[in-house]
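Only one structure is covered here, and it is reproduced in the block below.
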Amino acid sequence: MKAQYINPFLNATMGLFKDFLSLEVKSGKPAILENPKDLSEVSALIGLAGETTGAVVLSFSHDTALKVVSLMTGTKYAFLGSEVLDGVGELVNIIAGNAKKDLNDFRISISLPGVITGNNYRINWPKGVPIITIPFQSSIGDFTVNVSLKEAV
Amino acid sequence: MKGRNSIQFRIITGLLLILLLSVGVSIYLTTANQKSNLLDASQRTLAVNNEMLNTTIRNIMLSGEAPIANRTMEDFRKITGFLEFELYRTDGSTAFNDYDTLNFVNDYQSMVMFDQTPRVEGRSIDTEDFQQVLMNKTPVISLNEDTREMEYYFPILNFAECRVCHGDDEFIRGVSHFRISLDSIYDQVRRAGVLMAVYFVSVGVILFTWILLLMHRTIIKPVLDIGETVNIAATGNLDIQVDLDRNDEVGELAGRVNHMISGLRERRDLELQNKVIETRLEENRKYLDHIKEGLLLLNSERRITGQYSVFLTKLFMREDIAGLSLADFIYPDAERFADERRDLDGFLEMLFTNKTADMDMIMSINPLNEAVLQLDQDNEIIIRADFLRIVENGEMENVMVIFENLTDIVHSRHELEEERQRRESELEQIATVLKMGPKVFEGFIEEGERAFGSLRGNLTNFSDKEFISEAFRSVHSVKGTARYLDFPGVEEHCHQLENLFAEVRDGSRKVDKSLEETVAGTLDSLDDELVLIRKLIDRFKEFSVGSESTQVSPFNVFGERINDMVKDISNELDKDVVFNLETDLESVPGLPEIQPSIFHLIRNALDHGLEDIYERLAAGKPSESQLSLRFIHEDNWLKIEVEDDGRGLDMPALEKKGVEMGLLKPGVHLPSQIVNVLFRPGFSSRDEATSISGRGVGLDAVKEDIKKMGGRINIRTSRGKGTTFVLLVPWKGDEEGVLV
Amino acid sequence: MKIMIVDDSEVMRRIHRNTLKEQNIPDESMLEAADGAEALKMAISEQIDLFLVDWNMPKLDGLAFVKKLRAMGSYSETPIIMITSEAAKYNVIEAITAGVTNYVVKPIRGNVLWEKISPYIGKKGWAAL
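Residue numbers (numbering that gives the first Met the number 0), protein chains in the order written: chain Z, 0 to 152; chain Y, 0 to 739; chain U, 0 to 128.
Structure follows, in structure tokens:
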């Protein structure tokens, strides 16, 4: 998993939060996600298929999820309703879709986004491929973008 | 106009004649028939009358009453229409004109004698008809049309009762003669004729008028209209049509005429259009000859039409481009630019066929957006093409391509960027000079002057392979120092020279006058750069007289510069590098000589040896890389180690590449043999050149330099764990490690 | 005039609707569908004048929907704006080939959506609704 495959997701996330939501975000040191259960409460997932396979997960705390979707729609949300989950799903869809543009080495298609809450779930990450987690800090709270990509053989 | 009269005249004349003839014949036949009928009737009446007369006279005469007979006849003559009525004897004399018969009868009478009563006037007759009756004993009838009279001669037979007085010697007693006037009959017939004529004529006139009107309406008028339309059409006005909607023959004729006229009109319109197009083409031609833009028009077959601007041919340095496809025009080298051509063809296909797609969407995938085109060996242009759909009559007919020459813009953008970098580095240089004193720079200028001077003296010597390799190494070395001291201008020009020499070495560039000129030109630029640097240092010297003592040692300068270099390069490569400079030495004797080799190894380690953060994370390593540079004084050797904890040498890949490049014979190889491949001229472990490690610049230059110093290179490597390059050169200082 | 918003995301439909509302487009001339199949059904029963279509949708995705729509005679020239997060060159090519009229890349910044769609509304005139 090289920088040229991870950077598109990093840049797409930066673009989304800075240019679209006008939020100052700072990316932290990437790490390996040792335990997939370490993700935050609201996680939006999108699958990548095609010339390589993988998954992207955008993970927020309960509060941050509410704030980010409120910012996105201009509507205040107080609890995790279907619209908030839908909005978080849309965000990961935008990140994955935008990232595709810079993944010049292979054609991939993205799945429909899915959103999960709580801790009682399992994600079907690509087998034998580590998950890179990139932490982001912003004024509405921290979040992570998690990418796992099986490179083209 | 004449034909029009004659048709109508002939039709009217014909009609009139037929009408007159039929009316005449009808009247004649009818009146003739009526006359004969009437004559027959009067004849029959006469016959009956005669019979009645005969019978009457006979009966009267039986009693010898001639005078009664006479008077009866007198009365008869008074009946209208009876012009003449007479009884004649066979000898032609009038009956009852003498007393012969009376006397004869009286002779035989004994008791009663008949008186001699007055007689009628004695006359005689001897007409042909009279004689004929005597001869044939049949009645004769004759008609005199001129006098409108009918004469009737009727035999009076000698019946048995007559013979008593008149004897039996004769068959006919006499002839009765009637002459009657036919005036009334003729009048009647004439009246009937007139009536009929009036009737026929009026019916005829009505019929005639009707036929004429009908003819006029159904044939003559439409035919005249058609004629008029054709006449108007003949004067050139083709926008008319015969207004006739009928299903008969005339309607068909009108249809054909209309068809003919519209055919003519279409032809005229076409000719007109052609003329307009010709005029427009002419105008376009003039426009295209003078416009200062590269324009061309593609037709629906995606070929370049005859319409393109002269400016375009000058821009692309090609003439006669009509009929070419755009790909052939832009990328004539079909083999080398197969991908670009395919992209361009696909793009055009989309432009022409996907009309629902808007231009701004299509233009977002424009393949000719800042395209760099190599026109020939010396000419390169950078262009952007804009595409414009030309829609006529709702159909897309052409696509206009507008070429913008971005060469100057892009170049000046580069120049601006270079200029900016130069200024930035100048500031940094001033800072460095302030910190370290001008000595370091003087050394660099000397090195550069030495290398460039040698090149200038050997401009005609480029076909010597040995010299080219030497020139390459020396320029490469100056480039390394320039990079280290942050002189991008010098670095860039050295890079150009390096490329030229590499091409000569590979045989891809001929040694000729043009090469000589290019090298000389680049050397001029380099000299200018060195002069600038010298001026900078001189100015600084003037400014800082007496401050020499505060200057830092060259080794510390080296340490700072190499730290900066590692930071810059690792940022550029998304690598997180912790750089460690480890040494107990206060100074390193002979450092300037060995410096280029160290830079090279450091750059190599950053570019090839170390993985990026994600690769490291994925491999289970910490995202931070370790890069160490160690200077160790060991016996009579200076040992320099460049150690990274990167991916290590990929021996199988190296071996494969070595065999492919012909640097190794196929078969089994010792690790040392494989590693040796790295130090062969022209070897590059990566397929593409990067700005950091350069193009085809291998470790051969390092090995050559070290060899010259009487040293050697060792390598330790472990797959996935890292690589260490160890340079061993003879120690040049005294035993205490003090600089000589 | 009728505008149909086809997007599986409720939030995105609401955002698009708000964008149109800000331009004084009345609620009753906007229709919504959550996937291509539903949109197709609605487009058959009612003539639509402008489509805003998401690409990534369940059941019938945006691209397949556009292809089916274009195959119907009554929609051969109706403007269809594809709104998607995917901006790779091959995606744009696929969209053009399928018959998309224009393309807006998510996230939609500022007034980009309205700038893209207003020419198609201007053509017919909003007053015609």
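Even glycine gets a Cβ: it sits at the ideal position worked out from N, Cα and C.
- Message: Do G647 (chain Y) and K574 (chain Y) have their beta-carbon atoms positioned less than 7 Å apart in this structure?
- Response: no
- Query: Roughly how many angstroms lie between the CA atoms of I171 (chain Y) and G192 (chain Y), to the nearest whole one?
  - Reply: 43 Å
- Query: Which residues, in chain order, does the stretch 609 to 622 of chain Y contribute to contact with chain Z at a C-beta distance below 9 Å?
  - Reply: E610, D611, I612, Y613, E614, L616, A617, A618, G619 and S622
- Item | Every unbroken beta strand (DSSP E) inside the stretch 301 to 330 of chain Y [3 residues or more] | 303 to 307
- Message: Residues of chain Z with CB closer than 7 Å to the CB of N55 (chain U), please, in chain order.
- Response: N92, I109 and L111
- Alpha carbon to alpha carbon, how far is G49 (chain Z) from S468 (chain Y)? 47 Å
- Query: Quick one: what's got a C-beta closer than 8 Å to N236 (chain Y)'s C-beta in the same chain, skipping five residues either side?
  - Reply: none
- Step through the CB atoms of chain U and report whether any lies within less than 7 Å of the CB of T72 (chain Z). yes
- Item | Nearest neighbour of R266 (chain Y), chosen from Y:R245, Y:D238 and Y:G293 [CA to CA] | Y:D238
- Of the residues that make up the stretch 338 to 371 of chain Y, which ones have a beta carbon closer than 8 Å to any beta carbon in chain U? G345, M349, N353, T355, A356, D357, D359, M360, I361, S363 and I364
- Message: Please report the distance separating the alpha-carbon of G250 (chain Y) from that of F207 (chain Y).
- Response: 25 Å
- Terminal residues of the beta strand (DSSP E) in which E148 (chain Y) lies: E148 to L156
- Out of Z:I130, Z:I94 and Z:A2, point me to the one whose CA is closest to K157 (chain Z)'s CA. Given a span of 0 to 152 for chain Z in the structure shown, any question on residue 157 (chain Z) remains unanswerable.
- Message: For D573 (chain Y), would you say it is in contact with chain Z, using Cβ-to-Cβ distances shorter than 7 Å as the test?
- Response: yes
- Item | C-alpha gap between R388 (chain Y) and N404 (chain Y), whole angstroms | 21 Å
- Item | Closer than 8 Å at the beta carbon, the chain Y residues around I24 (chain U) | Correct list: empty, because the minimum Cβ distance to chain Y is about 20 Å.
- Task: Could you tell me the boundaries of the beta strand (DSSP E) in which K638 (chain Y) lies?
- Result: W636 to D643
- Message: Taking CB distances under 7 Å as the criterion, tell me whether P134 (chain Z) reaches chain Y.
- Response: no
- Quick one: give me the first and last residue of the beta strand (DSSP E) that P588 (chain Y) is part of. Run containing P588 (chain Y): none; DSSP gives neither H nor E here.
- Query: Can you list, in chain order, the residues of its chain whose CB lies under 7 Å from that of D62 (chain Z), leaving out five sequence neighbours each side?
  - Reply: G140
- Task: Compute the Euclidean distance between the alpha carbons of F578 (chain Y) and K20 (chain U), then round it to the nearest angstrom.
- Result: 58 Å
- Message: Under 7 Å, Cβ to Cβ, is there at least one residue of chain C near I122 (chain Z)?
- Response: This model lacks chain C altogether; the protein chains it does include are Z, Y and U.
- Within 7 Å, strictly: CB atoms of S622 (chain Y) and I631 (chain Y): no
- Message: Runs of 4 residues minimum, wholly inside the stretch 339 to 380 of chain Y: which ones carry the alpha helix (DSSP H) assignment?
- Response: 358 to 362
- Should H607 (chain Y) be labelled buried (16 or more other beta-carbon atoms within 10 Å of its own) or exposed? buried
- Check whether the Cβ atoms of S81 (chain Z) and F59 (chain Z) lie closer than 7 Å to each other. no
- Buried or exposed: P118 (chain U), going by 16 or more other Cβ atoms within 10 Å of its Cβ? exposed
- Task: Determine the DSSP secondary structure at G173 (chain Y), reduced to helix, strand or coil.
- Result: strand
- Query: Whose Cβ in chain Y lies nearer than 9 Å to the Cβ of A54 (chain Z)?
  - Reply: Going along chain Y, no residue has its Cβ under 9 Å from A54 (chain Z), so there is no contact; the nearest lies around 15 Å.
- Query: Got a sec? Which residues, its chain only, sit under 6 Å from S123 (chain Y) by beta carbon, not counting five neighbours each side?
  - Reply: G91 and S92
- Taking C-beta to C-beta, are P106 (chain U) and L15 (chain Z) nearer than 7 Å? yes
- Query: Would you say V65 (chain U) faces chain Y, with C-beta separation under 7 Å as the test?
  - Reply: no
- Message: Using the Cβ count rule (16 or more neighbours within 10 Å means buried), how would you classify L15 (chain Y)?
- Response: exposed
- Touching or not, the stretch 514 to 530 of chain Y and the stretch 451 to 467 of chain Y, by the rule of three or more beta carbon pairs under 8 Å? yes
- If you draw a straight line from the C-alpha of D375 (chain Y) to the C-alpha of I714 (chain Y), how long is it? 45 Å
- Message: Closest to F500 (chain Y) by C-alpha separation, out of Y:G488, Y:P487, Y:E515 and Y:F486, would be which residue?
- Response: Y:E515
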